[in-house]
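Everything below concerns the one structure shown next.
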Amino acid sequence: MAVFALPPFPDLSIGPDMDLQLALIFLQQGIASGLVSGSVYALLALAIVVIFKTSDVPNFAQGEVFMAAGYVALYLFVFQKMPIWVVLPATLVVAFLAMALFRRFVLDQVAKSAKDLVYLVIATLGLSYVLKGLVRRTGFGDTPRSFPALVPTDSIMIGQASVTMLDLAIFGTAVTVMAAFFWMFNYTKTGRAMRAVGMNPKAAQLVGVDLRRCHMLIWGLSGVISAIAALLISPKILMTADMGSIVMLAFAAAIVGGFSSLPGAVVGGFVIGIVENMVGLFISSRAIVLAPFLAILIVLVLRPQGLFGGKLTIKKV
Amino acid sequence: MADLLEIDGISAAYGRIQALSEVSLKVPEGAIVALLGSNGAGKSTTLNTVSRLVPVTKGRIRFAGEEIQSWASHKVVSAGVLQVPEGREVFRDMSVRENLDMGAYRRSDAAGIRRDLDRVFEYFPKLQERLQQKAGTLSGGEQQMLLIGRALMAGPRLLLLDEPSLGLSPVLVQQIFAIIERLNKDGLTILLVEQNAAIALGCSTYAYILENGEMALEGASAQLRQDDSVRRTYLGG
Ligand SMILES: Nc1ncnc2c1ncn2[C@@H]1O[C@H](COP(=O)(O)OP(=O)(O)OP(=O)(O)O)[C@@H](O)[C@H]1O
Ligand SMILES: [Mg+2]
Numbered sequence: 001m002a003v004f005a006l007p008p009f010p011d012l013s014i015g016p017d018m019d020l021q022l023a024l025i026f027l028q029q030g031i032a033s034g035l036v037s038g039s040v041y042a043l044l045a046l047a048i049v050v051i052f053k054t055s056d057v058p059n060f061a062q063g064e065v066f067m068a069a070g071y072v073a074l075y076l077f078v079f080q081k082m083p084i085w086v087v088l089p090a091t092l093v094v095a096f097l098a099m100a101l102f103r104r105f106v107l108d109q110v111a112k113s114a115k116d117l118v119y120l121v122i123a124t125l126g127l128s129y130v131l132k133g134l135v136r137r138t139g140f141g142d143t144p145r146s147f148p149a150l151v152p153t154d155s156i157m158i159g160q161a162s163v164t165m166l167d168l169a170i171f172g173t174a175v176t177v178m179a180a181f182f183w184m185f186n187y188t189k190t191g192r193a194m195r196a197v198g199m200n201p202k203a204a205q206l207v208g209v210d211l212r213r214c215h216m217l218i219w220g221l222s223g224v225i226s227a228i229a230a231l232l233i234s235p236k237i238l239m240t241a242d243m244g245s246i247v248m249l250a251f252a253a254a255i256v257g258g259f260s261s262l263p264g265a266v267v268g269g270f271v272i273g274i275v276e277n278m279v280g281l282f283i284s285s286r287a288i289v290l291a292p293f294l295a296i297l298i299v300l301v302l303r304p305q306g307l308f309g310g311k312l313t314i315k316k317v
Numbered sequence: 318m319a320d321l322l323e324i325d326g327i328s329a330a331y332g333r334i335q336a337l338s339e340v341s342l343k344v345p346e347g348a349i350v351a352l353l354g355s356n357g358a359g360k361s362t363t364l365n366t367v368s369r370l371v372p373v374t375k376g377r378i379r380f381a382g383e384e385i386q387s388w389a390s391h392k393v394v395s396a397g398v399l400q401v402p403e404g405r406e407v408f409r410d411m412s413v414r415e416n417l418d419m420g421a422y423r424r425s426d427a428a429g430i431r432r433d434l435d436r437v438f439e440y441f442p443k444l445q446e447r448l449q450q451k452a453g454t455l456s457g458g459e460q461q462m463l464l465i466g467r468a469l470m471a472g473p474r475l476l477l478l479d480e481p482s483l484g485l486s487p488v489l490v491q492q493i494f495a496i497i498e499r500l501n502k503d504g505l506t507i508l509l510v511e512q513n514a515a516i517a518l519g520c521s522t523y524a525y526i527l528e529n530g531e532m533a534l535e536g537a538s539a540q541l542r543q544d545d546s547v548r549r550t551y552l553g554g
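Here it is, written out as structure tokens:
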């Protein structure tokens, strides 16, 4: 099966004579770096999947929400010189409100006049352009910038992998946020109602769930998760108005995880992060862009429903 | 007795399809009232206007003296109007226990919820045995029981039952209706939608017959059982 043969890159960093010691170091470094970038993919994939599970809509604006949240933080912190303990909660509140209000005043309105879900998907595409346009207009996105790191970026060694305190903070925060979200989703009354809405919105209404409020809450939380991802990664990258394109990797993560499973989204995020880093280390940094597709291809060939997807079912229309 | 539910000249439409035109009916407190009619007559639509899933274009709906035709669906549930929908509308991937907990979604009186859970187990001992089983893997009869149990968990005053006999074996239909009558004896008011006219006329005191979205006939159930046209059309001779 040579359908996916990589072109022969001249800068192959591994050859038959590459020594085992180096391969082991690469392996450890790939996993460590993969878990860090994977944290961001996992958060974004989680934000996408929780919306998809409950609204049946892939939110194509998730990357731009992530990007815009980063710029809100940058604006408040760097340009308005607000203290960080104001900037962080303010950014999360803005992200929550933006998404909740989008759900309430755009999507609910679109859904009222058009039954087809396609229109909702188009509305999310519209949001992505609006957010990108807004950031471009402000001009803050013209010069690529980095958000100042709040945590020291000195390297430390874990095993034979070199990571920074910032990396550890990113990973630790992401895992904590995801754990808190799982707990909310699986073990609280509100979370149970969200799952109910995803399984059967009509039945949820018949037991008294306020569908509109529930959707606003879900979209708002999904915005908060994306904003956290932005706050975590923006010290490590150059922010531009296009940084939202990273969401492709989150979609890849969601697909790998089965697209309707929250644990799947998280594991998928880490898988994509690690595969990406491994490809970069062992094959070529130029092949990195192919990594997510490689991961999707392998997973879907072996397990068409994704790592955590349930049985394949034909959806009732 | 006073009417707990009063539907007064309601119309409803799905886009251009007129589903109900000027339908009226009354459910006295403590009664079982049957709403009959063939496929597509508008029975489910009537229940859904009361549950506020389908908007009315005309007319009023009163529950316990309050006009509810413009309320949100969750407010109607809080007021004590619970629908047991047709088909198997359980939360498939949740356990039986979680489905029952969802029934109590709008309540916060822990003691009352506990009491109602015990009551549900009394009516449906089967559910207690299957508490951890996923609702989607229950048999059709068990799912119907779960749906009724879920509605009971809300502490309803009025139960809107949509075709509880649908797709069940004769033995199970007997069982379910025995429980429906027991619920009514224990004080619950019931509006019962059925295609199985024989059994519905048997357990109700008053009945309405819908045809093409209009009320065609109404009367005391005992009388309708004797009515020639009803016998021909709905009781098979
Ligand atoms: N969601 C909907 N969209 C469009 N038309 C609908 C919808 N639901 C019901 N209808 C139409 O409204 C009419 C009444 O339907 P309804 O479901 O109330 O009938 P019913 O008496 O409950 O029938 P059944 O015994 O088959 O359940 C039918 O003509 C049906 O096709
Ligand atoms: Mg029906």
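Protein chains in written order, with the numbering used here: chain A, 1 to 317; chain B, 318 to 554.
Even glycine gets a Cβ: it sits at the ideal position worked out from N, Cα and C.
(request) State the CB to CB distance for the pair B/THR362 and B/LEU337, rounded to an integer number of angstroms; the pair is presumed to be in contact (CB under 8 Å). (result) Going by Cβ atoms, the distance from B/THR362 to B/LEU337 rounds to 6 Å, so yes, they are a contact pair.
(message) I need the DSSP call for A/GLY280, collapsed to helix, strand or coil.
(response) DSSP places A/GLY280 in helix when its eight states are reduced to three.
(request) Compute every distance between the C-beta of B/GLU535 and the non-hydrogen atoms of ligand 1, then say whether any falls below 8 Å. (result) The answer is no for B/GLU535.
(request) Could you tell me which residues DSSP puts in a beta bridge with B/ALA351? (result) Under DSSP, the beta-bridge partners assigned to B/ALA351 are B/LEU509 and B/ALA524.
(request) Spatial neighbours of B/LEU483 within its chain, please: CB distance less than 7 Å, with the 5 preceding and 5 following residues excluded, ordered by chain position. (result) Within the same chain, Cβ atoms closer than 7 Å to the Cβ of B/LEU483 are found at GLU403, the five residues on either side in sequence being excluded.
(request) Give me whichever residues DSSP pairs with B/GLU339 in a beta bridge. (result) Per DSSP, none; premise fails for B/GLU339.
(message) By alpha-carbon positions, which one of A/PHE66, A/LEU88, A/VAL65 and A/MET67 ends up nearest to A/LEU76?
(response) Taking only the C-alpha atoms, the option nearest A/LEU76 is A/LEU88.
(request) May I ask you to check if the CB of B/VAL510 is nearer than 8 Å to at least one heavy atom of ligand 2? (result) Under cutoff, so the answer is yes.
(message) Spatial neighbours of A/ALA180 within its chain, please: C-beta separation below 6 Å, excluding the five flanking residues on both sides.
(response) Its chain contains no residue whose beta carbon lies nearer than 6 Å to that of A/ALA180 once the 5 sequence neighbours on both sides are disregarded.
(message) Considering Cα atoms alone, identify which of A/ILE31, A/LEU46, A/ALA90 and A/ALA123 is closest to A/PHE182.
(response) Answer by Cα proximity: A/LEU46.
(message) For chain B, check one thing: does any of its Cβ atoms lie closer than 9 Å to the Cβ of A/ALA204?
(response) Any Cβ of chain B closer than 9 Å to the Cβ of A/ALA204 would place that residue at the interface, and such an atom is present.
(message) Considering only DSSP beta bridges, list what B/ARG476 is partnered with.
(response) Looking at the sequence provided, one finds Leu at residue 476 of chain B rather than Arg. B/LEU476 pairs with B/LEU399 and B/ILE507.
(message) DSSP three-state label for A/LYS315, please.
(response) Caution applies to A/LYS315, whose pLDDT of 46 falls short of 50 and renders its modelled position unreliable; the value that the coordinates give is listed next. In the structure shown, A/LYS315 sits in coil (DSSP, three-state: anything other than H, G, I, E or B).
(request) Output the residues surrounding ligand 1, defined as those with a CB atom closer than 6 Å to any ligand heavy atom, in chain order. (result) Applying a distance threshold of 6 Å between residue Cβ atoms and the heavy atoms of ligand 1 selects B/TYR331, B/ILE334, B/ALA336, B/GLY354, B/ASN356, B/GLY357, B/ALA358, B/GLY359, B/LYS360, B/SER361, B/THR362, B/GLU403 and B/GLN512, given in chain order.
(message) Taking 8 Å as the cut-off, is the C-beta of B/GLU406 nearer than that to any heavy atom in ligand 2?
(response) Result no, Cβ not under 8 Å from ligand 2.
(request) Could you tell me whether the Cβ atoms of A/ILE48 and A/ILE218 are closer together than 9 Å? (result) 9 Å or more divides the Cβ of A/ILE48 from the Cβ of A/ILE218.
(request) Report whether the distance from the Cβ of B/ASP479 to the nearest heavy atom of ligand 2 is below 8 Å. (result) Indeed, a heavy atom of ligand 2 lies less than 8 Å from the Cβ.
(message) Can you list, in chain order, the residues of its chain with a C-beta nearer than 6 Å to that of A/VAL92? Leave out the 5 residues immediately preceding and following it.
(response) For the sequence presented, residue 92 of chain A should be read as Leu rather than Val. Counting only Cβ-Cβ distances below 6 Å, and skipping sequence neighbours, we find VAL224 and ALA227.
(message) Within 10 Å of its beta-carbon, does B/PRO473 have 16 or more other beta-carbons around it, so buried, or fewer, so exposed?
(response) Buried, since its Cβ has 16 or more Cβ neighbours within 10 Å.
(message) How far does the alpha helix (DSSP H) with A/ASP167 in it extend, from its first residue to its last?
(response) Its alpha helix (DSSP H) spans residues 165-187.
(request) Identify the contact partners of B/GLU555 in chain A, using a Cβ-Cβ distance below 7 Å as the criterion. (result) No information on residue 555 of chain B is available, as it lies outside the stretch 318 to 554 that chain B covers here.
(request) Report the neighbours of B/SER395 on chain A: residues whose CB is nearer than 9 Å to its CB, in chain order. (result) Correct list: GLY208.
(request) Taking the CB atoms as reference points, tell me whether B/SER521 and B/VAL407 lie closer together than 9 Å. (result) B/SER521 is not a Cβ neighbour of B/VAL407, given a cutoff of 9 Å.
(message) Using a Cβ-Cβ distance cut-off of 9 Å, determine whether B/PHE441 contacts chain A.
(response) Interface criterion not met: the Cβ of B/PHE441 is under 9 Å from no Cβ in chain A.
(request) Ignoring anything shorter than 4 residues or poking outside the stretch 73-157 of chain A, list the alpha helix (DSSP H) runs there in chain order. (result) The qualifying runs are 84-101, 108-113 and 117-138.
(message) I want to see whether chain A comes within less than 9 Å of B/SER368, judged by CB atoms only; does it?
(response) By this cut-off, B/SER368 is an interface position.
(message) Taking its Cβ as the centre, do 16 or more other Cβ atoms sit within 10 Å of B/ASN356, making it buried, or is it exposed?
(response) Exposed, since its Cβ has fewer than 16 Cβ neighbours within 10 Å.
(message) Here's a check: name, in chain order, each residue in its chain whose Cβ is nearer than 6 Å to the Cβ of A/ILE170, leaving out the five neighbours to either side.
(response) Here the set comprises VAL36, SER39 and LEU232.
(request) Less than 8 Å between the CB atoms is what I'm expecting for B/LEU364 and B/VAL490, so what's the real figure, rounded? (result) Contact annotation, B/LEU364 with B/VAL490: C-beta distance approximately 19 Å; criterion of less than 8 Å not satisfied.
(request) Rounded to whole angstroms, what's the CA-CA distance from B/ILE324 to B/ALA330? Just pull it up for me. (result) About 16 Å.
(request) Could you tell me which chain B residues have their CB closer than 8 Å to the CB of A/ARG195, listed as they occur along the chain? (result) Per Cβ cutoff of 8 Å: PHE408, ASP410 and MET411.
(message) Please state the DSSP three-state secondary structure of B/ASP433.
(response) Correct three-state label for B/ASP433: helix.
(message) Given a cut-off of 9 Å on the beta-carbon distance, is the pair A/LEU44 and A/VAL247 in contact?
(response) Contact: yes.
(request) Please confirm if A/LEU211 has its CB atom under 9 Å from at least one CB of chain B. (result) A Cβ of chain B is located within less than 9 Å of the beta carbon of A/LEU211.
(message) My assumption, with CB atoms under 8 Å, is that B/ALA358 sits in contact with B/VAL401. Please give the rounded CB distance.
(response) Actually they are not in contact, since the Cβ atoms of B/ALA358 and B/VAL401 sit about 19 Å apart, beyond 8 Å.
(request) Might you give, ordered along the chain, the residues of its own chain that have their beta carbon closer than 6 Å to the beta carbon of A/THR153, omitting 5 neighbours on each side? (result) Closer than 6 Å at Cβ, skipping near neighbours: THR164 and LEU166.
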